[in-house]
Amino acid sequence: MNHWGVRLNRYRDLAVLIAKSPCGDQFLGQVKVASTGWQRLMGWRNRGPCLGVWLIPCNSVHTFGMRESIDLLWLNRDRQLIAIDSAVRPASCRYRHDAYSVIELPVGVLAGHGFTEYYKDAIT
0 MNHWGVRLNR
10 YRDLAVLIAK
20 SPCGDQFLGQ
30 VKVASTGWQR
40 LMGWRNRGPC
50 LGVWLIPCNS
60 VHTFGMRESI
70 DLLWLNRDRQ
80 LIAIDSAVRP
90 ASCRYRHDAY
100 SVIELPVGVL
110 AGHGFTEYYK
120 DAIT
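Take 0 as the starting number for the sequence shown in numbering that gives the first Met the number 0 and just add one per residue.
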């Protein structure tokens, strides 16, 4: 059984996102940290040149006003990966009662690293 996970190394308003897998760790990219109400409201639009945005605290996401689909990594308080939503379409909502934060990434990033194949069967 595969044991996927993520590691986040935070440096003020930025964090380094690293995928942890049985084959070793992979650098995925930098994510913008959105920890204030305004930053979370701006969300995806506030990421700048970063790969994605980490909304903390956050347990629900909407994609109203977006033009592209996104991938979501749901994390608990200990920053452990608890769920993945891939290819979330514009004008939709997602909610997880057990999530403390969520990372929004461009669609396809997770599939390119093998996450979706594992989580399709492992997480309900």
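Ideal Cβ placement from N, Cα and C applies to all residues, glycine included.
Values in this document were obtained by computation on a predicted structure and should not be read as measured data.
**Q.** Through-space distance from Gln29 to Gly42, alpha-carbon basis
**A.** By 1-based counting over the sequence shown, the position of residue 42 is 43. By 1-based counting over the sequence shown, the position of residue 29 is 30. C-alpha separation (whole angstroms): 15 angstroms.
**Q.** Cut-off 7 angstroms between Cβ atoms - residues of its own chain near Gln38, not counting five sequence neighbours on either side
**A.** Here residue 38 is taken as the residue at index 39 of the sequence shown, counted from 1. Here the set comprises Asn45.
Q: Going by CA-CA distance only, name the one from Val106, Leu13, Asp12, Gln25 that's closest to Glu67.
A: By 1-based counting over the sequence shown, the position of residue 67 is 68. Measuring from the Cα of Glu67, the nearest candidate turns out to be Val106.
Q: Within the same chain, show all residues whose beta-carbon is closer than 7 angstroms to that of Ala90, passing over the 5 residues directly before and after it, in chain order.
A: As a position in the sequence shown, residue 90 is number 91, starting the count at 1. Excluding sequence neighbours, Ala90 sits near Thr62, Phe63.
Q. Among residues of its own chain, excluding the 5 on either side of Leu80, which ones have a beta-carbon nearer than 7 angstroms to its beta-carbon?
A. Here residue 80 refers to the residue found at position 81 when the sequence shown is read from its first residue. Excluding sequence neighbours, Leu80 sits near Trp3, Gly4, Val5, Leu72, Leu74.
**Q.** Straight-line Cα distance separating Val108 from Asn8
**A.** Residue 8 sits at position 9 when you count from the first residue of the sequence shown. Residue 108 sits at position 109 when you count from the first residue of the sequence shown. Looking at the two C-alpha atoms, the distance is approximately 19 angstroms.
**Q.** Delimiting residues of the alpha helix (DSSP H) encompassing Leu40
**A.** Taking the sequence shown and counting its residues from 1, the one referred to as residue 40 is at position 41. Taken as a continuous stretch (DSSP letters only), the alpha helix (DSSP H) holding Leu40 covers 36-41.
Q: Rounded to whole angstroms, what's the CA-CA distance from Val60 to Cys22? Just pull it up for me.
A: As a working note, residue 60 is residue 61 in the sequence shown. As a working note, residue 22 is residue 23 in the sequence shown. Distance between the alpha carbons of Val60 and Cys22: 31 angstroms.
Q: State the beta-bridge partners of Asp24 as determined by DSSP.
A: Walking along the sequence shown from the start, residue 24 turns up at place 25. Beta-bridge pairing links Asp24 to Lys19.
Q: Along the alpha helix (DSSP H) that carries Gly111, what are the first and last residues, could you check?
A: Taking the sequence shown and counting its residues from 1, the one referred to as residue 111 is at position 112. Element bounds for Gly111: 108-111.
Q: Using a threshold of 8 angstroms, state whether the C-beta atoms of Leu50 and Leu27 are closer than that.
A: The residue given as residue 50 occupies position 51 in the sequence shown. The residue given as residue 27 occupies position 28 in the sequence shown. Contact flag set, yes.
Q) Would you report the Cα separation of Asn58 and Ala86, rounded to the nearest angstrom? A) In the sequence shown, counting from the first residue as 1, residue 58 sits at position 59. In the sequence shown, counting from the first residue as 1, residue 86 sits at position 87. In a straight line, the C-alpha of Asn58 is about 18 angstroms away from that of Ala86.
Q: Classify Asn8 as helix, strand or coil using the three-state DSSP reduction.
A: Counting from 1 along the sequence shown, the entry for residue 8 is found at position 9. Asn8: strand per DSSP, three-state reduction.
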